[in-house]
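**Q**
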Amino acid sequence: MNQKRTEFAVGLFILVGILAILYLAIQIGSSRILGSDSKVVEARFSNIGGLNEGSNIMIAGVKVGVVGNIRLDMENLVAMVELKLNNDLVIYDDAIASIKTNGLIGDKYVALDPGGGGFELEEGEPIVDTESAVDIESLISRFAFGSLEEGE
Amino acid sequence: MKSAYLRIRGLSKRFGDLVVLDAIDLDIPLDSHTTVIGKSGIGKSVLLKCLSGLLTADAGEVSLDGAQGKFPQCSYMFQQNALFDSQTVWENVALPLREKERISKKDLAQRVTALVEQLELENAVDKYPAEISGGMKKRVALARALITNPEIILFDEPTTGLDPERKFAVFDMIRSYRERFGFTVIMVSHDVPEVFGITDQVAWLDAGKIKYWGSPEDLKQSPPSELEGFLNPKLSSQSSAA
Amino acid sequence: MIGRIGSKGISFVSELGELTLFSASSLSSLLKGRHMMEKLVRAIYEIGVRCIPITLIVGLFTGLVLGLQLYYVLTKFSSESLLGQAVALSIIMEIGPVFTAIMIVGQAGSALSAEIGIQRNAEQIDALKTMQIDPLGFLVSPRLYAALICFPILTAFFDIVGILGGHLTGVSMLGVDEGAYWNRIYESVSLRNVRDGFIKSLAFGLITTAICAFQGYFTHTKASVPGARGVSQTTTRAVVLSSIAILSTDYLLTSFLLEK
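Heads up: the protein sequence lines correspond to chains U, P and R, in order. For the first sequence, position 91 (counting from the first letter as 1) is numbered 91 according to the numbering used here, and the numbering increases by one without interruption. Here the numbering used here = 1-based position in the second sequence + 1000. Here the numbering used here = 1-based position in the third sequence + 2000.
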């Protein structure tokens, strides 16, 4: 009788435990695994300051993908960022990718404007129309020296 | 019967610089009761532990009748019984079989029940060791030692700390069960006059050597001079006081 | 002085070696023994089920305190919306595995160290040997495997309750936006973070249980006094060494796991 109760308690413990681990892994850990069915586009930035592999890509605030591999183009000394996008998204050659900040000190993310005119971007072709990360320090210093209107 | 014996040759054991067993040679006949006597701390238990394999001897060998390899099944009776206090008497007795032999639940129950009845422990099977008397604990330990049908049982000072009446009860128990089950007893004890009543042979261990070997009758009639102090408690207490 | 440090160092290294051999032979003796499932269930009950209350209580309060503390830090930068991320990441990657392991050591590790120590002193371990039963397989192996099962599960419980605790202070009491709290968690915590947390808890489970069993198993040679005081000495040492091992292993693992 006692042995049976122990066995039941242990069985329940392991069952609930596996559920808890799965919850952490699936719900919290990786709700956004974009596997092989994502399309990859490259974007060229002159400064990615703070963007990481795994950062979000958003269109109109809706998440549409994550940042993949980031490398330096040695020839032109620019950053080449892989954008892993949902497969059903259509990107045109006049698309604009800008690096924005979530709040004042929040995470960096890529805001994407897929464009509309022209022709569709082929896989592997880079997005050239980009806005780099805003350098807060230089913004502040320009503000401090009263020459903000020259900036934007 | 007397042809089979346990042959011990050159058994040595030392702890650091302390030589406890110094190349001991001994032939212990099977189907009899042998008692190793000696002062406390002289290494009697070490000898027993070397025989059981609990300690590894530095040198020497123990074999059965000269034939190496097939060593008889040994069980060990500990001074403090060494029962598992979180298991019932039944579980304690069943433990060696359950853990070592592929045996069906039914056969296991049968063997344990039979043995428990023979040792008059039927009423205690569901109790824990802490709930039964000292004498019963000894019997439970004996039952656990007997369940595997051993040929030899090693007793490590089974009467330590018991009053004289209980001492005789334990010796009596060992003798009667030995007669009934027919196992060989190798016992370590320092209850010197009392133990002579049940033992067939006496081995006297002193300073790492077996100094005397023979029957208790011979020993009582003509004790070697060096043994006298040990056999006569009065004398020995005087000499230790001096 | 230098000689003493040297001999201490040598004895530390040799003890580490003994411990490793001890755990390796315990791990390998699982299949040799009989009725192992039964012993494993018993051990999971002791290490896992019995530790649920303490894990949940400590997890909840850790989450509550973290929610409170981090809220006041983040509010200085008006970034309260990051609360969920801050609470979840610190719990999943660090606090969850470490605190859970320390709690289990306090509850179950000390108990098993003392139990094995007493069994050693009562000659029960020698008795097993004379019965040709492998004491490591009988006493230690089921507990090591049970720890490998229980530590991650209890860590998962701790993580979830802790995140809920942070939610309780942050969202229910201090008014952080509920959607922001959960969304920041979903977006910032990666599978890799979760996996790293569980790798840590597996390592802690193996190391602490091995230390506790080891100290108890060799109480007769490790303690400076025999008997009951010796067991108390080795039990204390088991808990202290386990705690040190948890935190130092945590540092090592963190530096390895954060490396990309």
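Idealized CB from N, CA, C, for every residue including glycine.
1) Taking C-alpha atoms, which residue in P/L1047, P/K1220, P/D1206 and P/A1059 lies nearest to P/D1200?
2) Could you spell out where the alpha helix (DSSP H) holding R/Q2085 opens and where it closes?
3) Let me check one thing: in DSSP terms, what residues is P/D1206 bridge-paired to?
4) Would you list, in chain order, the members of the segment 2212–2228 of chain R that have their beta-carbon closer than 8 Å to a beta-carbon of chain U?
5) How is U/T130 classed by DSSP in three states: helix, strand or coil?
6) Assuming R/L2019 and R/F2214 form a contact by the criterion Cβ under 8 Å, report the distance between their Cβ atoms to the nearest whole angstrom.
7) Is DSSP giving P/I1198 helix, strand or coil here?
8) At the 9 Å Cβ level, is U/A111 part of the contact set with chain R, yes or no?
9) Let me make sure I understand the geometry here. Which of P/V1020, P/F1084 and P/I1153 has the alpha-carbon closest to that of P/G1182?
10) Under 8 Å: does the beta carbon of R/T2130 sit that close to some heavy atom of the ligand ZN?
11) Is there a Cβ from chain R that is less than 9 Å from the Cβ of P/L1064?
12) For R/S2110 and R/V2239, what's the separation of their Cα atoms in angstroms?
13) With H, G and I counted as helix, E and B as strand and the rest as coil, what does DSSP make of R/D2196?
14) If we cut at 9 Å on Cβ distances, does R/A2122 have a partner in chain P?
15) Contact criterion: CB-CB distance below 9 Å. Does P/Q1068 meet it with respect to chain R?
16) Going by C-alpha to C-alpha distance, which of R/F2158, R/R2184 and R/R2229 sits closest to R/S2079?
17) What would DSSP say about R/M2036, mapped onto helix, strand or coil?
18) Taking buried to mean at least 16 other C-beta atoms within 10 Å of its own C-beta, is P/D1027 buried or exposed?
19) Roughly how many whole angstroms lie between the Cα atoms of P/V1195 and P/M1173?
20) Measure from the alpha carbon of P/L1162 to the alpha carbon of each residue in P/S1189, P/E1179, P/I1147 and P/V1185, then state which is nearest.
21) Select from P/K1127, P/L1121, P/E1120 and P/L1146 the residue whose C-alpha is nearest the C-alpha of R/M2131.
22) At a CB-CB cut-off below 7 Å, which residues of chain U make contact with R/Y1966?
23) Taking Cβ to Cβ, would you say P/L1083 is nearer than 9 Å to P/C1050?
24) DSSP three-state call for U/E82: helix, strand or coil?
25) U/F145 versus chain R: which residues are under 9 Å apart at the beta carbon?
26) Quick one: is P/M1077 buried, meaning 16 or more other Cβ sit within 10 Å of its Cβ, or exposed?
27) Take P/V1125 and list the residues in its own chain whose beta-carbon comes closer than 7 Å to its own, dropping the five residues that flank it on each side.
28) Mind reading off the beta-carbon distance from P/I1103 to P/L1097? Whole number of angstroms is fine, and I expect it under 8 Å.
29) Given this structure, state the Cα-to-Cα distance separating R/V2058 from R/F2099, to the nearest angstrom.
30) Measuring only between beta-carbons, confirm whether R/Q2132 sits less than 9 Å from chain U.
31) If distances are taken between C-alpha atoms only, which option among P/N1123, P/I1008, P/L1021 and P/Y1005 comes closest to P/G1208?
32) Mind listing the chain P neighbours of R/G1946? Cutoff is C-beta to C-beta under 9 Å, in chain order.
33) Which residues in the same chain as P/K1002 place their Cβ atom closer than 7 Å to its Cβ, once the five residues preceding and following it in sequence are excluded?
34) Less than 9 Å between the beta carbons of R/A2203 and R/T2249, yes or no?
35) Report the residue from R/Y2186, R/E2038 and R/D2196 whose alpha carbon sits nearest the alpha carbon of U/T153.
36) Rounded to the nearest angstrom, how far is the Cβ of U/P114 from that of U/I26, given a contact under 8 Å?
**A** Taking the coordinates as given:
1) P/K1220
2) L2083 to S2090
3) P/K1209
4) none
5) strand
6) 5 Å
7) coil
8) no
9) P/I1153
10) As far as ligands go, the structure on display features none, and thus does not contain the ligand ZN.
11) no
12) 6 Å
13) helix
14) yes
15) Low confidence applies here, because P/Q1068 scores a pLDDT of 49, under 50, leaving its location unreliable; read the following figure in that light. No, P/Q1068 does not count as interfacial toward chain R.
16) R/R2184
17) helix
18) exposed
19) 13 Å
20) P/S1189
21) P/L1146
22) An answer regarding residue 1966 of chain R cannot be provided, because it is not within the stretch 2001 to 2260 covered by chain R.
23) no
24) strand
25) None at all; the shortest Cβ gap to chain R is about 25 Å.
26) buried
27) T1088, V1089, W1090 and V1116
28) 6 Å
29) 8 Å
30) no
31) P/L1021
32) This structure cannot speak to residue 1946 of chain R, because chain R is shown only from 2001 to 2260.
33) In this prediction, P/K1002 scores a pLDDT of 46, lower than 50, which makes its location untrustworthy; the coordinate-derived value is nonetheless stated afterwards. Result list for P/K1002: P1029, in chain order.
34) yes
35) An answer regarding residue 153 of chain U cannot be provided, because it is not within the stretch 1 to 152 covered by chain U.
36) That belief does not hold up - the Cβ atoms of U/P114 and U/I26 are roughly 30 Å apart, past 8 Å.
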